[in-house]
Structures are given as structure tokens and as C-alpha cells.
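Listed in order, the protein sequences are those of chains A and B.
Residue 121 is where the first sequence starts when you use our numbering, and the numbers rise one by one after that.
Residue 2 is where the second sequence starts when you use our numbering, and the numbers rise one by one after that.
Glycine residues also receive a C-beta, built at the ideal position from the N, C-alpha and C atoms.
Quantities reported herein were computed from a predicted structural model and do not represent experimental measurements.
In what follows, a structure is listed as C-alpha cells, so that the remarks can point back to it.
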Amino acid sequence: LAKTTQPISMDSYEGQEVNITCSHNNIATNDYITWYQQFPSQGPRFIIQGYKTKVTNEVASLFIPADRKSSTLSLPRVSLSDTAVYYCLVGLRKSSARQLTFGSGTQLTVLP
Amino acid sequence: EAGVVQSPRYKIIEKKQPVAFWCNPISGHNTLYWYRQNLGQGPELLIRYENEEAVDDSQLPKDRFSAERLKGVDSTLKIQPAELGDSAVYLCASSLSRTGGVEQYFGPGTRLTVT
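In C-alpha cells form, the structure reads like this:
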């Protein structure tokens, strides 16, 4: 079971790049790494998913080292609207309910 | 394309009363998930459906919770009787069966308050 560990909170200023790291030492060979964003009173929103190396989309980049025991979500030039909780989830669509239960996430606060 | 639809958005009931939540997933998404999110915590997966089959309900409190997904589309989660500790946000999510990863799409959730 790939348990994940993230910082509880992070602060940043508008316009800066933010990197949030997730540790998952027990990641299984077939597991994917998926990141979600959640605003208050909303359901989590899928941001990005990767298996190895680097993945980039229009909102974020995901860096995964060769051993895959951690991953880093990179948000370029954050704005106030990026203030949210960010979750990393490790597993497969068919993983167990216990594995697909989210951790406590990282509260990112973007300051003006 | 419409997202995951949930209703009601808010529900207040007294303890020992029954309550039901409804979810309509994204069209074509065969996998459906029900999560419970307590204040300040991440979502906890209660049950996962593949089409109409419940394939993992290991974290569903079966003494009072039940779920169904007739015809493999809409789903209902029920609590009977509700307890004070059931106050939480109940989230429904869906995903495509052909994807291997955990790319889920969540609805807005139903906030349940048990008094």
C-alpha cells in the first residue's frame, strides 16, 4: 500500500513558482501518481497525472525521479486563485478503497 | 460536456432519520466512486462501482450505509439511520474504465448535517 506524505501547508507570493513534494516510498510498479486541487465547498479537481520522468500540461508540471519514491507538483507563477488544498494520490483506477483514500493534502496559501 | 451531478447539495436531518444522496456521473464513465470527506481531512473512499457491480465496498459501514447503481449509470448512497458522526460532505466521482490511473472527476458533493 503506497502511503503518501505531504507538507501540511505552504505559503507563497503571487507570481512565484511553487513546488509541492509528495513522498510515496512504497509505490508499486504499476501505480500512477495523480494530483488534485480542492477549493472550499467543491469536490477535488484533477490537475495532472504521471508515471515517470516529467509530465506537463497547461496548468502544472509533474516531476518524478527515476526511483519514483517521490513526486513534485510544480505550479508556475501562482496567483491568489491558486490558494487551495493539493492532494497527491498514488495507485490505479482499480486500487483498493484504502489506497484510493486521500491523505490530508497540502494547504497552499498564495499571498499578494 | 456536463460534469458529475449530485443532489441535494445540502441536507440537514435529525439523528436516526434516513437520508439518500444521488449521483449522475459523466456520460460514458463506467467507474463510479462514493467518497466521504470530514472537515479538514481528505476524501475517504467508501465504495467503487464498475458498471453496476460494486467491486470494493471494504470501507463502507455496512450496518447503516448502502449503495446501488442500477443500470450502471446513476447511483444512490443511503444512510439509515443517520448518526451525529455521519455529518460530512459526500462526494461522487467518476472515471473512464479504459484509463489505468486515478483520473477521477468529482461532483460538488452533498453536505450532510445530522443534528
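Determine, using beta carbons only, whether residue i and residue j come nearer to each other than 8 Å.
| i | j | result |
| --- | --- | --- |
| Arg37 of chain B | Tyr91 of chain B | yes |
| Ser129 of chain A | Thr192 of chain A | no |
| Pro82 of chain B | Arg65 of chain B | yes |
| Leu61 of chain B | Ile48 of chain B | yes |
| Ile153 of chain A | Gln169 of chain A | yes |
| Asn137 of chain A | Pro232 of chain A | The question names Asn, but residue 137 of chain A in the sequence shown is Glu. Going by C-beta atoms, Glu137 of chain A is not nearer than 8 Å to Pro232 of chain A. |
| Gly163 of chain A | Pro109 of chain B | yes |
Taking the beta strand (DSSP E) that residue i falls in, what are its first and last residues?
| i | result |
| --- | --- |
| Tyr171 of chain A | Unbroken run through Tyr171 of chain A: none, as it is neither H nor E. |
| Ala3 of chain B | Neither: Ala3 of chain B is in no beta strand (DSSP E) and is coded neither H nor E. |
| Val205 of chain A | Ala204 to Gly211 |
| Arg112 of chain B | Thr111 to Val115 |
| Ser143 of chain A | Val138 to Ser143 |
| Ser96 of chain B | Ala89 to Ser96 |
| Gln105 of chain B | Neither: Gln105 of chain B is in no beta strand (DSSP E) and is coded neither H nor E. |
| Gly126 of chain A | In the sequence as displayed, the identity of residue 126 of chain A is Gln instead of Gly. Looking at the DSSP string, Gln126 of chain A is not in any beta strand (DSSP E), and its letter there is neither H nor E. |
| Phe159 of chain A | Note, Phe159 of chain A: premise wrong, no beta strand (DSSP E); not H, not E. |
| Ser181 of chain A | Ser181 to Ile184 |
8 Å is my cut-off, CB to CB: does residue i come that close to chain B?
| i | result |
| --- | --- |
| Phe166 of chain A | yes |
| Gly135 of chain A | no |
| Phe222 of chain A | yes |
| Ala217 of chain A | yes |
| Leu209 of chain A | yes |
| Leu212 of chain A | yes |
| Gln169 of chain A | yes |
| Gln162 of chain A | yes |
| Tyr152 of chain A | yes |
Step through the CB atoms of chain A and report whether any lies within less than 8 Å of the CB of residue i.
| i | result |
| --- | --- |
| Val20 of chain B | no |
| Ser95 of chain B | no |
| Glu45 of chain B | yes |
| Asp57 of chain B | yes |
| Tyr11 of chain B | no |
| Tyr106 of chain B | yes |
| Thr32 of chain B | yes |
| Gln42 of chain B | yes |
| Gly110 of chain B | yes |
| Gly102 of chain B | yes |
| Leu113 of chain B | no |
| Gln60 of chain B | yes |
| Leu78 of chain B | no |
Identify whether residue i lies in helix, strand or coil by the three-state DSSP scheme.
| i | result |
| --- | --- |
| Asp57 of chain B | strand |
| Leu46 of chain B | strand |
| Lys63 of chain B | coil |
| Leu193 of chain A | strand |
| Ser201 of chain A | helix |
| Leu33 of chain B | strand |
| Lys79 of chain B | strand |
| Asp131 of chain A | strand |
| Lys16 of chain B | coil |
| Leu220 of chain A | coil |
| Leu40 of chain B | coil |
Classify residue i: buried if its beta carbon has 16 or more other beta carbons within 10 angstroms, exposed otherwise.
| i | result |
| --- | --- |
| Gln105 of chain B | buried |
| Gly211 of chain A | buried |
| Phe22 of chain B | buried |
| Val179 of chain A | exposed |
| Leu195 of chain A | buried |
| Ile13 of chain B | exposed |
| Arg197 of chain A | exposed |
| Phe159 of chain A | exposed |
By the criterion of Cβ-Cβ separation under 7 Å, what are the contact partners of residue i in chain E?
| i | result |
| --- | --- |
| Arg49 of chain B | Reference to chain E is not applicable here, since the protein chains of this structure are A and B. |
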